[in-house]
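Below is one structure, written out as structure tokens, with a few remarks after it.
Residue numbers (my numbering): 2 to 605.
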């Protein structure tokens, strides 16, 4: 990236995610024009650029006359496209965009009549008659233009602009304050706290929006990495207690300078200090203990999960009434129930336990409350935290973070300074990853939510060689009960409100593709520069074919279907906020199947 300010860099980090989302979710019209078809007089072309994406409103639905701008961005690589020549973009990754994103002022008296490619190009280039028509754009300004295009209600638009602005501000602060020097000797918690940009696709990747009664959190004013853990006292007959919860809480309180009082008729529940206003307003009968009965913790990459420094074999997840990306980070009772109930299932499904260690959820608690939206504010899960002196356990999300020059942490720490070194690492990575995560899918109809934050890589402490993985967090597991029963003779114990149980095996496959392939494998392929040349996907197909039987539906789904489901982050966000029925609850679209991607050498 060219020399730019931290504010510009933060704006681009968020704006590129926002622009990629609205393009990929087909909420706008787009045209990709290669550099050969763009006059040098029209734009300042950046040397590594392959071309430019022009983003226009969907003229059939838009309010274009009230916002006479279109958007442009140059790209490092050719995006995936629908057609040839002047091409409509089907898929683009934020990492493929080049700073800056611009808005182009369109002539006031220009009337756009047709929605075909030729008319679109004439429409664009007719306005490029002076340098004043092209202007660098911020993430908030991009959101403002987009909200006008889709006729978004004012109250919803205001929320989205605030969240985009919060994401930019938090990102800029993190750029300024980032001091981590990660290495193979860094501890697991140092790696957890070493994330810089976080989610590679979500426009609200750094949003921390407090929902009342929690007060607004001004970016940079709260240390999420070192939260204070408070305790509340709840009558036992008001809570559902799962597993060895009380005994584990006693292990924590024994470490405190002032252990809180307890009785046989009550149970102590740890809560995040920011969550206290929600406890006060929603659970008036709960006794909130004074702050002197508290303990300082270390926050993991998931901000509602923490570890106690002197208790390194457990991690604790609590509710937090703050929206991070699109989701209010509370914990549903069915998540507490299902995670602990899955222990027997996890012991029986098809897993190579030498290669994959499962961070089991062995204790938890949730209120006896019919309204789960209320109950979810006072829940807790305790799970194993897997550590070993002979291994370094590193959250995968930290490995694929990049610096401003596009170099990944993985490349730098493991000295992967040649293509062959990167190929060798990726080959071993995929070999082990597929050995542990594919068999449960096609044998048991069971998939973990194996995205970058839930999967941790295990490295030999001395050699740095990858030896296996850890998987954690069972709230996103998907399973097909009939297939599970056929394979192990047992069904999973889940509450009826749970999302864990799905109706067909195809839903399991879809979720595995989104979490494991799209959000995990793809990021590693890109971080190691093995995506666009297709080498990474050759390796992916090689190991997939070795492990999955050719006659299995999973094989046919992943290697014979041109398109698979893509999760829509902006449509999901709008579906939760907007009264506009036309965009509500449209969470997925069909996009090119990355398993079939052969790289630019054979594509486009």
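All residues carry an ideal CB built from backbone N, CA and C; glycine is no exception.
Because the structure is a prediction, the values reported are computed rather than measured.
Is it buried or exposed, residue 179, if we count other Cβ atoms within 10 angstroms and call 16 or more buried?
For this step, residue 179 is matched to residue 178 along the chain shown. Exposed, since its Cβ has fewer than 16 Cβ neighbours within 10 Å.
Could you compute how far the alpha carbon of residue 306 sits from the alpha carbon of residue 315?
Looking up residue 306 in the chain shown gives position 305. Looking up residue 315 in the chain shown gives position 314. Roughly 11 Å separates the two Cα atoms.
Which runs of the beta strand (DSSP E) fall wholly inside the segment 357-410 and span at least 3 residues, in chain order?
Entirely contained in the segment 357-410, the beta strand (DSSP E) runs reaching 3 residues are, in chain order, 357-359, 362-368, 381-385, 392-396.
According to the neighbour-count rule (16 or more other Cβ atoms, all chains shown, within 10 Å of its Cβ), is residue 369 buried or exposed?
Counting from 1 along the chain shown, the entry for residue 369 is found at position 368. Per the 10 Å Cβ criterion, exposed.
Among 396, 424, 105, 216, which one has its Cα closest to the Cα of residue 521?
One-based indexing of the chain shown puts residue 521 at position 520. Ranking 396, 424, 105, 216 by Cα distance to residue 521 puts 396 first.
Using the Cα positions of residue 31 and residue 125, report the straight-line distance between them to the nearest angstrom.
Walking along the chain shown from the start, residue 31 turns up at place 30. Walking along the chain shown from the start, residue 125 turns up at place 124. Approximately 11 Å between the Cα atoms of the pair.
Looking at the strands, I want to know which residues DSSP matches up with residue 271.
Along the chain shown, one-based indexing puts residue 271 at 270. Residue 271 pairs with 232.
What residue from 439, 241, 416 has the CA that sits closest to residue 371's CA?
To locate residue 371, count along the chain shown from 1; it is residue 370. Nearest of 439, 241, 416 to residue 371, Cα basis: 241.
Residues in its own chain within less than 6 Å of residue 384 by CB, not counting five upstream and five downstream?
If you number the chain shown from 1, residue 384 lands on position 383. Here the set comprises 316, 360, 362.
If you compare alpha carbons, which of 243, 282, 258 is closest to residue 270?
If you number the chain shown from 1, residue 270 lands on position 269. It is 243.
By Cβ distance below 8 Å, which residues in the same chain neighbour residue 571 in space, the five residues on each side in sequence not counted?
Here residue 571 is taken as the residue at index 570 of the chain shown, counted from 1. These residues qualify, in order along the chain: 19, 22, 23, 26, 28, 204.
Could you name the residues of the same chain whose beta carbon sits closer than 6 Å to that of residue 288, not counting the 5 residues immediately before and after it, in chain order?
Position 287 of the chain shown holds residue 288. So the list reads 234, once near-sequence residues are dropped.
Alpha carbon to alpha carbon, how far is residue 339 from residue 601? Give it in angstroms, no decimals.
As a working mapping, residue 601 is identified with position 600 in the chain shown. As a working mapping, residue 339 is identified with position 338 in the chain shown. The straight-line gap from Cα to Cα measures roughly 44 Å.
Given a cut-off of 8 Å, decide if residue 290 and residue 232 are closer than it, judged by their beta-carbon atoms.
Here residue 232 is taken as the residue at index 231 of the chain shown, counted from 1. Here residue 290 is taken as the residue at index 289 of the chain shown, counted from 1. Yes. Within cutoff.
DSSP puts residue 81 in a beta bridge; with which residues?
Residue 81 sits at position 80 when you count from the first residue of the chain shown. 92, per the DSSP bridge assignment.
Here's the rule: buried if 16 or more other CB atoms are within 10 angstroms of the residue's CB, otherwise exposed. What is residue 212?
Start at 1 with the first residue of the chain shown, and residue 212 comes out as number 211. The residue is exposed, with fewer than 16 neighbouring Cβ atoms inside 10 Å.
Quick check on residue 17: does DSSP put it in helix, strand or coil?
As a working mapping, residue 17 is identified with position 16 in the chain shown. Reduced to three states, the DSSP call for residue 17 is helix.
Just the C-alpha distance for residue 564 and residue 575, rounded to the nearest angstrom, thanks.
Walking along the chain shown from the start, residue 564 turns up at place 563. Walking along the chain shown from the start, residue 575 turns up at place 574. So the alpha carbons of these two residues sit roughly 24 Å apart.
So the alpha helix (DSSP H) residue 35 belongs to, where does it begin and stop?
On the chain shown, residue 35 is found 34 positions in, with the first residue counted as 1. It is not in any alpha helix (DSSP H) - residue 35 instead sits in the beta strand (DSSP E) that spans 30-35.
Nearest CA to the CA of residue 355: which residue from 186, 437, 82?
By 1-based counting over the chain shown, the position of residue 355 is 354. Checking every option, the nearest Cα to that of residue 355 belongs to 437.
Please classify residue 12: does DSSP put it in a helix, a strand, or coil?
In the chain shown, counting from the first residue as 1, residue 12 sits at position 11. Looking at residue 12 - three-state DSSP - the assignment turns out to be helix.
If you draw a straight line from the C-alpha of residue 581 to the C-alpha of residue 162, how long is it?
Translated into the one-based positions of the chain shown, residue 581 becomes position 580. Translated into the one-based positions of the chain shown, residue 162 becomes position 161. Caution applies to residue 581, whose pLDDT of 44 falls short of 50 and renders its modelled position unreliable; the value that the coordinates give is listed next. So the alpha carbons of these two residues sit roughly 18 Å apart.
For a test of the three-state rule: what should DSSP assign to residue 333, helix, strand or coil?
Along the chain shown, one-based indexing puts residue 333 at 332. Of the three classes helix, strand and coil, the one that applies to residue 333 here is coil, per DSSP.
Helix, strand or coil, according to DSSP, for residue 483 in the structure here?
Here the question's residue 483 lines up with position 482 in the chain shown. Residue 483 falls in the helix class under three-state DSSP.
Determine which residues share a DSSP beta bridge with residue 306 and list them.
For this step, residue 306 is matched to residue 305 along the chain shown. For residue 306, which the question treats as bridged, DSSP gives the partners 318.
Between which residues of its own chain and residue 258 is the CB-CB distance below 6 Å, once the five residues before and five after are set aside?
By 1-based counting over the chain shown, the position of residue 258 is 257. So the list is empty, once near-sequence residues are dropped.
Leaving out five residues on either side along the sequence, give the residues of the same chain with a beta carbon under 6 Å from the beta carbon of residue 514.
Walking along the chain shown from the start, residue 514 turns up at place 513. Only 565 meet the Cβ criterion.
Within 10 Å of its beta-carbon, does residue 588 have 16 or more other beta-carbons around it, so buried, or fewer, so exposed?
By 1-based counting over the chain shown, the position of residue 588 is 587. The residue is exposed, with fewer than 16 neighbouring Cβ atoms inside 10 Å.
If you count every other CB in all the chains shown that lies within 10 Å of the CB of residue 219, and 16 or more means buried, which is it?
Position 218 of the chain shown holds residue 219. Per the 10 Å Cβ criterion, exposed.
Output the boundary residues of the beta strand (DSSP E) element that contains residue 75.
As a working note, residue 75 is residue 74 in the chain shown. Segment 70-76, the beta strand (DSSP E) holding residue 75.
Just to confirm the assignment, what range does the alpha helix (DSSP H) spanning residue 193 have?
As a working note, residue 193 is residue 192 in the chain shown. Where residue 193 is concerned, the enclosing alpha helix (DSSP H) stretches over 189-193.
Decide yes or no for the touch test of the segment 549-561 against the segment 426-446: beta carbon pairs closer than 8 Å, at least 3 of them.
With the cut-off at 8 Å, the segment 549-561 and the segment 426-446 touch.
According to DSSP, is residue 495 part of a helix, a strand, or is it coil?
Your numbering for residue 495 matches position 494 in the chain shown. Reduced to three states, the DSSP call for residue 495 is coil.
Rounded to whole angstroms, what's the CA-CA distance from residue 523 to residue 511? Just pull it up for me.
Counting from one through the chain shown, the residue named residue 523 turns up at place 522. Counting from one through the chain shown, the residue named residue 511 turns up at place 510. Each residue's Cα considered, the two are about 15 Å apart.
Do residue 357 and residue 469 have their beta-carbon atoms positioned less than 8 Å apart in this structure?
Along the chain shown, read from residue 1 onward, the residue named residue 469 stands at position 468. Along the chain shown, read from residue 1 onward, the residue named residue 357 stands at position 356. Yes, these two residues count as a Cβ contact at 8 Å.
Touching or not, the segment 528-538 and the segment 417-429, by the rule of three or more beta carbon pairs under 8 Å?
Yes, they touch.
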